[in-house]
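Undergrad: Take this structure first; my questions come after.
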Amino acid sequence: MTDRLSNRTAHALPAEVAAPRYDRSTVEPGIVHLGVGAFHRAHQAAYIDECLAAGETGWGITGVSLRSADTRDALAPQDGLYTLAVRDSGGEKLHVIGSIGSMLVAPENATSVLAALTDPRTRIVTLTITEKAYLRAAGGGLDAAHPDIVHDLANPQTPKTAHGFLAEALTRRLAAGTPPFTVLCCDNLPANGATLHRLLTEFAMLREAALGSAGDAGLFSHIADQVAFPSSMVDRIVPATTNADRARISGELGVEDTWPVMTEPFRQWVVEDKFPAGRPAWEKFGVTMVDDVRPFEDMKLRLLNGAHSAIAYLGLLSGHATVDRAFADPAIRSFVDALWAEAIPTLPADAGLDTSAYTAELAERFSNTALAHRTAQIANDGSQKLPQRIIASALECLEAGTEFIHLTLVVAAWIAACAARGKTLPEGHFTDPLDAALTALLNQQLPANETVTAVFDLAGFAEIHAERQTLIELVAVHLVHLRRDGTTLAFAALGIDGARRSIDAD
Ligand code: CS2
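Quick note: the sequence shown, position 401, residue 392 per the numbering used here, numbers continuous.
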């Protein structure tokens, strides 16, 4: 392969490949995005590409990676262009996306990131930094003892965290008389805008205390009162790109793309309409603008992501490498249906949610064999994901006195899958920020009840909740079964017929 995908070569792509038909040189940066992973490039960047194609010119994206230089290194020689491959059983449709105008790498050059954030043209800052990067302590507040937070409080001009960058940029904008940008969180957290708002006000309070009023006067009240943090629900399944994908896509393009992204046809974005500094006309491009995103967010987190985590851990324990193969296992399929039946009553009844249509569509999406979405990918960071996906529903069932038994198996399956690494699953098959402590704990092979209690302590699950002990006991019962005879016994105890299972060797 000779040429790279770039502005120059994009004009000569095969006719069936959709490529930017707008003049990219006229697009001004209006959005800074923190965390340019595959999800952002398959979701928001694709929506913005459509806005630009329709003639908007003020909303180009400046991408910022907070950790690795990989994406910048791959996209810079491609003028920011990359291929989005939309895949299902009908085949693959390729779209070259042009909305990312430039890429910055924070650890290399914090100054340029702060310059982009303080540029008056930047009116929205969006984030997909993954759950763990919010640095929440158990209980939901800021983990003020985290080394990166400690670093950022001591070094405000050269931050490492999103919190540090946002606080420093908002301080500089305030001092310069530039109106604040709107902060739009696009991670899978409940009330994600309000959550980030709380974390950032706590961070600002610590900054004011650390720098003294001369250094940071008014930042706390500015963030608390003047900066908008709309919540949003984002949805698109994005499996990790493989080398085979790169080779296939480059072959189809006729030029090399080292950084394509794979995705499904479905996409959804529901956003609270609170943008005092303006926003793209997203509603024209399939984004749902609402007053309150909470019902959509809870439905997505509890039904899609909750089922995803169930499929990941039970799938891994049953020998399934991908979501579609796990979901084709009759026992797992029955389990997911029962899980949905437990989670649905926890959703608001008066919000007009059509949960039957939603779960029917999820079943189709999980069956997409063209995605090869790996169970190990979803299994990452369980300690950060299970609270909003599973534990919130379980606690609400306990409070309401509703019977449930499936939600708790997901937590037990997470613990069992963590313990299986280095044994029946490869070492490091998936990871978690708590791995060091978790592995040490699981190696002690304590009785199930003690193990679950210690894991809840470590992860801060259900902290200070009246029903915490009951929940621990319910999880422990499943863990006993999983330890004794794996998913076969765990499913049998739920009345799910394990004999019908067709274990594949993937
Ligand atoms: C998945 C999500 O990896 C995971 O934890 O559950 O990334 C999921 O694919 C997306 O939220 C779908 O929108």
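Heads up, the beta-carbon is just placed ideally off N, CA and C, and yes, glycines get one too. Computed from a predicted model, the values in this text were never measured in an experiment.
What residues are listed by DSSP as bridge partners for Tyr73?
TA: To locate residue 73, count along the sequence shown from 1; it is residue 82. Paired residues: Ile88.
Undergrad: Please work out which residues of its chain come closer than 8 Å, Cβ to Cβ, to Ile240, disregarding the five sequence neighbours upstream and downstream, and give them in chain order.
TA: Within the sequence shown, residue 240 is the residue found at index 249, counting from 1. Cβ neighbours of Ile240 beyond the five flanking positions: Thr74, Ala76, Leu85, Asp248 and Pro251.
Undergrad: Does the beta-carbon distance from Pro221 to Thr113 come in below 9 Å?
TA: If you number the sequence shown from 1, residue 221 lands on position 230. If you number the sequence shown from 1, residue 113 lands on position 122. Cβ atoms of Pro221 and Thr113: not closer than 9 Å.
Undergrad: Determine whether the Cβ of Leu4 lies closer than 9 Å to any Cβ atom of chain B.
TA: No chain B is present in this structure, which holds just one protein chain.
Undergrad: Taking 8 Å as the cut-off, does the CB of Leu307 come closer than this to any heavy atom belonging to the ligand CS2?
TA: Here the question's residue 307 lines up with position 316 in the sequence shown. No, the ligand CS2 has no heavy atom inside 8 Å of this Cβ.
Undergrad: I need the boundaries of the beta strand (DSSP E) containing Gly54, first residue and last residue.
TA: Counting from 1 along the sequence shown, the entry for residue 54 is found at position 63. Gly54 -> beta strand (DSSP E) spans Gly51 to Ser56.
Undergrad: Let me check you understand the geometry: is the CB of Lys291 closer than 8 Å to at least one non-hydrogen atom of the ligand CS2?
TA: In the sequence shown, the residue the question calls residue 291 occupies position 300. Checking every heavy atom of the ligand CS2 against the Cβ of Lys291, one is found closer than 8 Å.
Undergrad: Helix, strand or coil: which one does DSSP assign to Gly21?
TA: Indexing the sequence shown from 1 puts residue 21 at position 30. Gly21: strand per DSSP, three-state reduction.
Undergrad: Our contact map puts Glu390 next to Glu458 with C-beta atoms below 8 Å; I'd like the distance itself, whole angstroms only.
TA: As a position in the sequence shown, residue 390 is number 399, starting the count at 1. As a position in the sequence shown, residue 458 is number 467, starting the count at 1. Going by Cβ atoms, the distance from Glu390 to Glu458 rounds to 7 Å, so yes, they are a contact pair.
Undergrad: Quick check on Ala490: does DSSP put it in helix, strand or coil?
TA: In the sequence shown, the residue the question calls residue 490 occupies position 499. A caution first: Ala490 carries a pLDDT of 47, below 50, which makes its placement in the model unreliable, though a value can still be read off. Ala490: helix per DSSP, three-state reduction.
Undergrad: Are the segment 277 to 284 and the segment 444 to 452 in contact at 8 Å, needing three or more beta carbon pairs?
TA: Too few Cβ pairs lie closer than 8 Å, so no.
Undergrad: Taking only heavy atoms of the ligand ADP into account, decide whether any of them is closer than 8 Å to the Cβ of His364.
TA: Of the ligands one can find in the structure shown, namely the ligand CS2, none is the ligand ADP.
Undergrad: Kindly identify the DSSP beta-bridge partner or partners of Val252.
TA: Residue mapping note: residue 252 aligns to position 261 of the sequence shown, counting from 1. For Val252, which the question treats as bridged, DSSP gives the partners Leu75.
Undergrad: Restricting to Cα atoms, I'd like to know which of Ile115, Lys123 and Leu480 is closest to Pro378.
TA: Residue numbering aside, residue 378 sits at position 387 when the sequence shown is read from its first letter. Selected option, being the one with the closest Cα: Lys123.
Undergrad: In three-state terms, what does DSSP make of Ala496?
TA: One-based indexing of the sequence shown puts residue 496 at position 505. The pLDDT assigned to Ala496 is 41, lower than 50, so where the model puts this residue is not dependable, and the model offers no usable value.
Undergrad: Would you identify the three-state DSSP class for Cys176, choosing helix, strand or coil?
TA: If you number the sequence shown from 1, residue 176 lands on position 185. If DSSP states are grouped into helix, strand and coil, Cys176 belongs with the strands.
Undergrad: Specify whether the segment 86 to 95 and the segment 338 to 347 touch according to this definition: at least 3 beta carbon pairs, one from each stretch, less than 8 Å apart.
TA: Contact fails: fewer than three Cβ-Cβ distances are below 8 Å.
Undergrad: Can you tell which of Gly306, Met253, Pro336 and Arg198 has its C-alpha closest to the C-alpha of His31?
TA: By one-based count along the sequence shown, residue 31 stands at place 40. If we check each option's Cα against that of His31, Met253 comes out closest.
Undergrad: So, for Thr162: in the same chain, excluding its five sequence neighbours on each side, which residues have a beta-carbon less than 7 Å away from its beta-carbon?
TA: As a first step, residue 162 must be located in the sequence shown, where it is residue number 171. Excluding residues within five positions, the ones whose Cβ falls inside 7 Å are Asp207 and Leu210.
Undergrad: Among all the DSSP beta bridges, which residues are the ones paired with Met224?
TA: Indexing the sequence shown from 1 puts residue 224 at position 233. Answer is Val261, bridged to Met224.
Undergrad: In chain order, which alpha helix (DSSP H) runs of at least 4 residues are fully inside the segment 350 to 416?
TA: Listed in chain order, they are 366 to 370, 373 to 377, 383 to 391 and 397 to 411.
Undergrad: Rounded to a whole number of angstroms, what is the C-alpha to C-alpha distance between Glu418 and Ala361?
TA: Here residue 418 corresponds to residue number 427 of the sequence shown, with the count starting at 1. Here residue 361 corresponds to residue number 370 of the sequence shown, with the count starting at 1. Each residue's Cα considered, the two are about 27 Å apart.
Undergrad: Using the Cβ count rule (16 or more neighbours within 10 Å means buried), how would you classify Pro98?
TA: Counting from one through the sequence shown, the residue named residue 98 turns up at place 107. With fewer than 16 other Cβ atoms within 10 Å, it is exposed.
Undergrad: Determine which residues share a DSSP beta bridge with Met280 and list them.
TA: Working through the sequence shown from its first residue, we reach residue 280 at position 289. DSSP, once it has assigned bridges, lists Val262 as partnering Met280.
Undergrad: Which residue or residues does DSSP assign as beta-bridge partners of Val116?
TA: Translated into the one-based positions of the sequence shown, residue 116 becomes position 125. DSSP output for Val116 lists Val23 and Val174 as bridge partner(s).
Undergrad: Which of the three DSSP states, helix, strand or coil, is assigned to Gln96?
TA: For the purposes of this step, residue 96 is taken as residue 105 along the sequence shown, with counting starting at 1. This sequence places Val at residue 96; Gln is not what is there. Reduced to three states, the DSSP call for Val96 is strand.
Undergrad: With a threshold of 8 Å (Cβ to nearest heavy atom), would His299 be considered close to the ligand CS2?
TA: As a first step, residue 299 is located in the sequence shown; it is residue number 308 there, counting from the start. At least one heavy atom of the ligand CS2 is nearer than 8 Å to the Cβ of His299, so yes.
Undergrad: So, do the segment 347 to 363 and the segment 394 to 408 have three or more beta carbon pairs nearer to each other than 8 Å?
TA: No, because fewer than three Cβ pairs between the segment 347 to 363 and the segment 394 to 408 fall closer than 8 Å, the two stretches do not touch.
Undergrad: Quick one: does the C-beta of Val225 sit closer than 8 Å to a heavy atom of the ligand CS2?
TA: Numbered from 1 along the sequence shown, position 234 holds the residue referred to as residue 225. At least one heavy atom of the ligand CS2 is nearer than 8 Å to the Cβ of Val225, so yes.
Undergrad: Does the contact criterion of 3 or more C-beta pairs under 8 Å hold for the segment 256 to 275 versus the segment 217 to 231?
TA: Yes, they touch.
Undergrad: Is the CB-CB distance between Asp40 and Pro11 below 9 Å?
TA: As a working mapping, residue 40 is identified with position 49 in the sequence shown. As a working mapping, residue 11 is identified with position 20 in the sequence shown. It is a contact, given that the beta carbons lie within the stated cut-off.
Undergrad: Under the assumption that Pro181 contacts Glu288 (Cβ atoms under 8 Å), give the Cβ distance between them as a whole number of angstroms.
TA: To locate residue 181, count along the sequence shown from 1; it is residue 190. To locate residue 288, count along the sequence shown from 1; it is residue 297. The Cβ separation is near 6 Å, so the contact holds.
Undergrad: According to DSSP, simplified to helix, strand and coil, what is Leu133?
TA: By one-based count along the sequence shown, residue 133 stands at place 142. Residue state, collapsed to three classes: strand.
Undergrad: Flag Asn183 as yes when its Cβ comes closer than 8 Å to any non-hydrogen atom of the ligand CS2, and as no otherwise.
TA: Position 192 of the sequence shown holds residue 183. It does not: the Cβ of Asn183 is nowhere closer than 8 Å to a heavy atom of the ligand CS2.
Undergrad: Pop quiz: Val18 and Gly51 are said to be a contact at Cβ under 8 Å. What is the actual Cβ separation, rounded to whole angstroms?
TA: Against the sequence shown, residue 18 aligns to sequence position 27. Against the sequence shown, residue 51 aligns to sequence position 60. Right, their Cβ atoms sit about 4 Å apart.
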